[in-house]
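J.:
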Amino acid sequence: MIGIDLQPSPETFRVDRNVAWVAGDASSPATWETALSLAETEFAAFPDVLVLNAGRLALGNVLETSVDTFREVMEVNVYGAVLGMQACLPHMIRAGSGTVVVVASVNGLFAEQNLAAYNTSKGALVQLVRSTAVDHARSGVRINAVCPTSIDTPFLRRHVDSTPDPEAFWRAMAARHPTGSVLTPDQVASAVLFLASDQSTGITGTTLVIDCGLTASPTYDDTL
Ligand SMILES: NC(=O)c1ccc[n+]([C@@H]2O[C@H](COP(=O)([O-])OP(=O)(O)OC[C@H]3O[C@@H](n4cnc5c(N)ncnc54)[C@H](O)[C@@H]3O)[C@@H](O)[C@H]2O)c1
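Per my numbering: the sequence shown = residues 29 to 252.
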């Protein structure tokens, strides 16, 4: 496995000989070139599973979000995924098999307030997945997205901490889900694993919604 992140490899991966790491920007072509050459030198193989997970969030409506900020969000969330596909798909197509899983968001299916750039980028990702899945379905490559609701990660904690009353925000965020909770990273990872594996051979071009019941009941109110 090869991990790509702006941050250095976590300690647990450093001692695992099955994991190689590229500390780099997923929206830079050079990062993908390094990852592919590592695949060859470390594992004598090309990628057969690609998970596109890097994401950026910017707060603000379209009037408050500068074009530069919009570009930065699109650069990572959308063009990073495009670059990853452009790097890995040719090898999968040559091999006649492979799976790509894109971590989109429920924000690709509906819009939350004050997240104009983020919502736009996740909507674009959903269409990227459909387009590429259709174009490459006959090559034996499957391409799917997961659309999670809020996940308890540093990303979400940073977002919550930027609100005027983080504790109240967290409570309200959990309460709007019919389950009364947000997702754990493991719940999302299991869905990604399913789409990446031979357990889902009939599935391509889909968006697997992982949302604690949110889209089944967008007006859910736990006081009723
Ligand atoms: N946390 C949530 O509530 C939530 C909900 C729905 C979807 N998502 C999506 O899940 C994905 C992962 O988010 P998370 O919550 O784990 O975020 P996180 O910020 O906790 O982790 C994201 C990781 O991506 C890395 N990263 C950011 N930009 C990068 C870049 N340009 N190149 C390489 N690495 C980069 C960061 O260093 C970090 O390690 C994102 O695409 C996000 O949009 C998150």
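Here a beta-carbon is modelled for each residue, glycine too, at the ideal position from N, C-alpha and C.
The structure presented is a predicted model; accordingly, all values stated were derived computationally and were not measured.
#1: Anyone know if the C-beta pair for GLY233 and ALA161 falls short of 8 Å?
#2: Which partner residues does VAL130 have in the DSSP bridge list?
#3: So if DSSP puts LEU85 in a beta bridge, which residue, or which two residues, is it bridged to?
#4: Assuming contact is defined by CB atoms lying nearer than 8 Å, are ASP76 and MET29 in contact in what I supplied?
#5: At a threshold of 7 Å, does ILE30 count as lining ligand 2 (C-beta to nearest heavy atom)?
#6: Which residue from LEU66, VAL216, ARG84 puts its Cα closest to that of ARG45?
#7: Using 8 Å as the threshold, is the C-beta distance between ASP250 and THR177 below it?
#8: Taking ALA144 and ASN89 to be in contact with their CB atoms under 8 Å, please state how far apart those CB atoms are, rounded to whole angstroms.
#9: Can you tell me whether GLN35 sits near ligand 1, meaning its C-beta is under 7 Å from at least one heavy atom of the ligand?
#10: Might you give, ordered along the chain, the residues of its own chain that have their beta carbon closer than 8 Å to the beta carbon of GLY191, omitting 5 neighbours on each side?
T.: Well, looking at it:
#1: Position 205 of the sequence shown holds residue 233. Position 133 of the sequence shown holds residue 161. Yes, they are a contact pair.
#2: In the sequence shown, residue 130 corresponds to position 102, counting from 1. LEU80, ALA173.
#3: As a first step, residue 85 is located in the sequence shown; it is residue number 57 there, counting from the start. Partner(s): none; LEU85 has no beta bridge.
#4: Stepping through the sequence shown from its first residue, residue 76 is reached at position 48. Stepping through the sequence shown from its first residue, residue 29 is reached at position 1. Against a cut-off of 8 Å, the Cβ pair of MET29 and ASP76 comes out as no contact.
#5: Questions concerning ligand 2 fall outside what the structure shown contains, since the ligands it does hold are ligand 1.
#6: Here residue 45 is taken as the residue at index 17 of the sequence shown, counted from 1. ARG45 has its Cα closest to that of LEU66, out of LEU66, VAL216, ARG84.
#7: One-based indexing of the sequence shown puts residue 250 at position 222. One-based indexing of the sequence shown puts residue 177 at position 149. Contact flag unset, no.
#8: Translated into positions along the sequence shown, residue 144 becomes position 116. Translated into positions along the sequence shown, residue 89 becomes position 61. With 8 Å as the limit, ALA144 and ASN89 qualify as a contact, their Cβ atoms being about 5 Å apart.
#9: The residue you call residue 35 lines up with position 7 of the sequence shown. Yes, the beta carbon of GLN35 sits closer than 7 Å to at least one heavy atom of ligand 1.
#10: Taking the first residue of the sequence shown as position 1, residue 191 is located at position 163. In the sequence as displayed, the identity of residue 191 is Thr instead of Gly. Excluding sequence neighbours, THR191 sits near PHE197.
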